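A quick write-up on the structure given underneath.
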Amino acid sequence: MKVRTRFAPSPTGFMHLGGMRTALYCYLFAKQHGGDFILRIEDTDQERYVEGAVEVIYSSLKEGGMDYDEGPDKGGDYGPYVQSERKEIYLKYAKELVERGGAYYCFCTKERVESLRDENGNVRYDKHCLHLTKEEIQKNLELGVPYVIRQNIPEHGVGSYEDAVYGHIAVDYNELEDGILIKSDGLPTYNFANVVDDHLMGITHVIRGTEYLSSTPKYNLMYDAFGWERPVYIHLPPIMKDATRKLSKRYGDANFDDFVSKGYLPEAIVNYIALLGWAPKDNSEKMTMQEMIEKFSLDGVSKSPAIFDDVKLRWLNGEYLKAMDDEAFYRISEPFRKQSKTYGKYDGRLIAKLLKTRIEIMSEIPEKIDFLEEYGEFDVNMFYHKKMKTDTEMAKTVLPLVYDALNALDSFDHQSIHDALLSLATEKQFKNGQILWPARVALTAKDVTPGGAVEMAEILGKEESLRRIKFSMDLLNK
RNA sequence: GGCCUCAUGGUCAAGCGGUUAAGACGUCGCCCUCUCACGGCGAAAACAGGGGUUCGAGUCCCCUUGGGGCUACCA
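Going by my numbering, the first sequence opens with residue 7, and the numbers climb by one from there.
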C-alpha cells in the first residue's frame with residue numbers, strides 16, 4: 007500500500023517551527039517510502055481565521071523544500087483540500103455515525119452544559135441527550151432547535167493502540183468526554199473533520215504532535231464505528247522555547263519567515279529542526295534534504311521534548327554559508343549588504359568574500375562592514391603591538407615605505423599588494439607583522455578588522471589607501 | 001485535581017544488560033596567524049533521587065521528584 011502522509015495546519019497566523027518540523031517529518035517519511043505528502047488546510051474555526059495565512063503556509067513549505075503532492079493550490083484526486091469547502095461531507099458522515107451509534111444529537115443549551123462543571127472546573131457532559139427517543143429528536147429537528155452532534159463514548163472499557171514512537175498507549179474510556187463532532191454552526195470540530203478527512207484522503211500514517219497522544223483512542227472509536235481501517239500513529243515530542251515553555255505561535259516565537267528575514271537560510275533552518283527530535287543512525291548533522299529522506303527512521307525519533315537552541319542553529323547556518331561558493335554568497339548576501347552605509351562604495355565581491363567566514367547569519371553583515379566608512383583621527387597607541395614588536399616609532403619608519411611601495415603599484419590587486427608588502431618586509435629585514443600591523447591600523451583606524459592589511463587595501467583601492475596612510479603619517483608626526 | 005507521557009553534560013543527542021558513557025553546539029586552552037575570523041589539536045562537563053530484578057543496570061520493574069500534554073461548539 008502506498009504511504010500517504012499529510013500536514014494539516016490551521017491558517018491562524020504564521021508558520022512556526024514546530025509545525026514546520028511536523029511537516030518535514032511527514033515529508034521525509036512519505037518520500038522515503040515513495041509515498042505522497044498531502045497538504046490540507048484545517049480552517050473549521052472561522053473565528054481564528056487570519057487573512058493571508060494560507061499563502062504563508064504555501065510559501066514556507068516551498069522555501070523549506072517540502073513539495074507536497076496534493077493540496078489546495080495543487081489539486082489532487084482527494085480534494086477539496088480545504089476543510090471549509092468540505093462542509094457537507096462532514097455532516098453526512100456525522101449522520102452516518104449517529105446511525106451507527108457512534109454519535110448522537112444533543113440539544114442541550116450551553117447553560118445546561120455549563121451547569122455540569124465539576125469541582126475542578128471541568129465540564130463533563132452527562133449523556134443527557136443520548137437517551138432522547140427517536141420521536142423527541144425528530145421533533146426537535148423539525149422545530150429547528152439548535153443542536154450539536156456528540157461522540158458517544160462507551161462508559162466502560164479501555165481504548166488502546168500502538169504508537170510508532172511512544173509504544174502502547176491505553177486510556178480508560180471514562181476519562182474521555184462525549185466531545186462535540188459537529189458544532190451548532192454545522193461545521194465539524196477538529197476531532198471529527200480530522201478523522202473523516204484522513205480516511206477519505208487515504209492517509210496511512212498520521213504524524214502530529216503529542217498533544218493528541220491521549221485523545222487518539224477517541225479517534226479510533228470513530229474509525230471502528232465506521233468500519234474504517236485505523237492509520238498508523240506517529241506522535242512527535244514538542245519543541246520547547248526553554249525547559250518549561252513550548253515554542254508557540256501565540257507569542258510569535260520562532261516563525262519561519264522571521265528567521266529567513268534575519269538572514270538564516272531555509273535549508274539550514276529545515277536541517278536544524280530535523281535534528282530536534284530525531285537523530286540519524288550515523289549521527290550526521292549537516293544534511294541535504296535528499297540525505298534526510300534516506301536516513302530518516304522512526305526509531306531515531308525521540309520521545310522527550312527538545313529545547314530550541316538558536317546558538318546551534320546559528321552555527322549550522324554559518325556552516326551553510328561557508329560551504330557556498332563566493333559567487334552564490336555574493337548574490338544571496340546582496341540584500342543585507344545593501345543595508346550597510348558602505349554599499350556601492352566598494353567592491354561587493356571582495357566584501358562578500360571577507361564576510362563569508364565571519365558571520366553566522368546575514369543580519370550581522372551591516373555592522374561588520376560599516377567600519378569601512380568610519381575613518382578619522384584615532385589613538386596612535388594602536389600601533390603598539392607587543393608580539394609584533396611594533397609601536398608608534400616603528401609605524402613612523404614603516405608607513406612611508408608602505409606608502410611608496412603601494413604607490414608604485416600599477417595593478418592594485420590582492421596578489422600585487424601582498425607581494426609588495428611582503429617583499430618590503432624581506433628587503434628591509436622586518437618581520438611581516440611589523441609591516442602589516444601598522445599598515446592595517448593606518449588603513450582602518452581599527453584594532454580589529456575582518457581581514458588583514460592586504461585585504462583592507464584591496465577593498466579601499468589605491469587612492470583611498472594612500473590617502474589613509476598619509477593621514478596616519480601626519481597623525482603620527484603631530 | 002484526574003488521565004496520558006517524558007527524564008544521559010548548559011543545549012541537541014548516541015546508547016537498546018557487560019562501553020574508559022559516543023558525537024555535535026557552546027565554553028575554556030593551545031597551534032596557525034598582521035588583528036578578527038576560518039582551520040587544526042586538546043580539555044572541562046551527564047546517566048534526577050530511592051528501592052528492587054540480575055553475577056552484572058544509563059539500559060528492565062516500582063516509587064518519589066521534576067517537565068510536557070490532554071481535560072473547549074481551538075486545532
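Heads up, the beta-carbon is just placed ideally off N, CA and C, and yes, glycines get one too.
Here the structure is a predicted model, which is why all the values come from computation and not from measurement.
Asked: What are the partner residues of Met246, as DSSP defines its beta bridges?; Found: Lys252, Ile313
Asked: Should the stretch 399 to 418 be called in touch with the stretch 443 to 453, which here means at least 3 C-beta pairs below 8 Å?; Found: yes
Asked: Looking only at its chain, what residues have a beta carbon closer than 7 Å to the beta carbon of Leu360, apart from the 5 residues adjacent to it on each side?; Found: Pro456, Gly457, Glu461
Asked: Among Lys224, Tyr270, Met368, whose alpha-carbon lies nearest the alpha-carbon of Ala109?; Found: Lys224
Asked: Looking at the secondary structure, which residues open and close the beta strand (DSSP E) in which Gln157 lies?; Found: 154 to 157
Asked: Hey, how far is the Cα of Ala29 from the Cα of Glu217?; Found: 16 Å
Asked: Quick check: what's the CA-CA separation for Glu125 versus Leu67?; Found: 45 Å
Asked: Name, in chain order, the residues that DSSP records as bridge partners for Ala176.; Found: Ser166
Asked: Taking the alpha helix (DSSP H) that Phe424 belongs to, which residues open and close that run?; Found: Sequence check: residue 424 is His here, not Phe. Unbroken alpha helix (DSSP H) run through His424: 420 to 434.
Asked: Just tell me which of Trp234, Leu466, Arg130, Tyr167 has its CA closest to the CA of Asp353.; Found: Leu466
Asked: Alpha helix (DSSP H) containing Phe262: first to last residue?; Found: 262 to 267
Asked: Bridge partners of Gly194, per DSSP?; Found: What sits at residue 194 in the sequence shown is Pro, not Gly. Pro194 is bridged to Ile188.
Asked: With DSSP as the reference, please indicate the residues paired to Cys112 in a beta bridge.; Found: Val154
Asked: Put Gly457 into one of helix, strand or coil per three-state DSSP.; Found: coil
Asked: In angstroms with no decimal places, state the Cα-to-Cα distance between Arg118 and Gly107.; Found: 24 Å
Asked: Between the C-alpha atoms of Ala59 and Gly173, what's the straight-line distance to the nearest angstrom?; Found: 35 Å
Asked: Taking 8 Å as the limit between beta carbons, can you name the residues of its chain near Ala100, skipping five residues before and five after?; Found: Ala109, Ile155, Leu187, Ile188, Pro194, Phe198
Asked: Since Leu481 contacts Glu383 with CB under 8 Å, what's their CB separation in whole angstroms?; Found: 6 Å
Asked: Assuming Leu45 is part of the beta strand (DSSP E), what are its boundary residues?; Found: 42 to 45
Asked: Report back the beta-carbon spacing between Asn200 and Met21 to the nearest angstrom; my notes put them in contact at under 8 Å.; Found: Not really, about 20 Å apart at Cβ, beyond 8 Å.
Asked: Between Gly208 and Tyr84, is the Cβ-Cβ spacing less than 9 Å?; Found: yes
Asked: Thr50: buried (16+ other C-beta within 10 angstroms of its C-beta) or exposed?; Found: buried
Asked: Throw me the rounded Cβ distance for the Gly439 and Thr398 pair, which I believe falls under 8 Å.; Found: That belief does not hold up - the Cβ atoms of Gly439 and Thr398 are roughly 15 Å apart, past 8 Å.
Asked: Under the DSSP definition of a beta bridge, which residues are partnered with Gly215?; Found: Leu242
Asked: So, with DSSP's three-state summary, where would you put Phe335?; Found: helix
Asked: Which partner residues does Gly81 have in the DSSP bridge list?; Found: Gly77
Asked: CA-CA distance, Gln89 and Ile371?; Found: 44 Å
Asked: If we ignore side chains and look at the alpha-carbon of each, how far apart do Ser190 and Ser221 end up?; Found: 22 Å
Asked: Looking at the structure shown, is Thr294 part of a helix, part of a strand, or coil, going by DSSP?; Found: coil
Asked: Is the beta carbon of Met388 less than 9 Å from the beta carbon of Lys437?; Found: no
Asked: Kindly indicate which residue of Ser16, Leu23, Thr11, Pro15 has the alpha-carbon position closest to the one of Ala274.; Found: Leu23
Asked: Buried or exposed, going by whether 16 or more other CB atoms sit within 10 Å of the CB of Met293?; Found: buried
Asked: Out of curiosity, what's the CA-to-CA distance linking Asn483 and Lys351?; Found: 30 Å
Asked: By DSSP's criteria, Val307 is part of a beta bridge. Which residues make up the other side?; Found: Trp284
Asked: Between Thr363, Ile245, Pro311, which lies nearest to Arg320 when the distance is taken from Cα to Cα?; Found: Thr363
Asked: So the candidates are Tyr229, Trp284, Asp204, Tyr111; which of them puts its Cα closest to the Cα of Leu147?; Found: Tyr111
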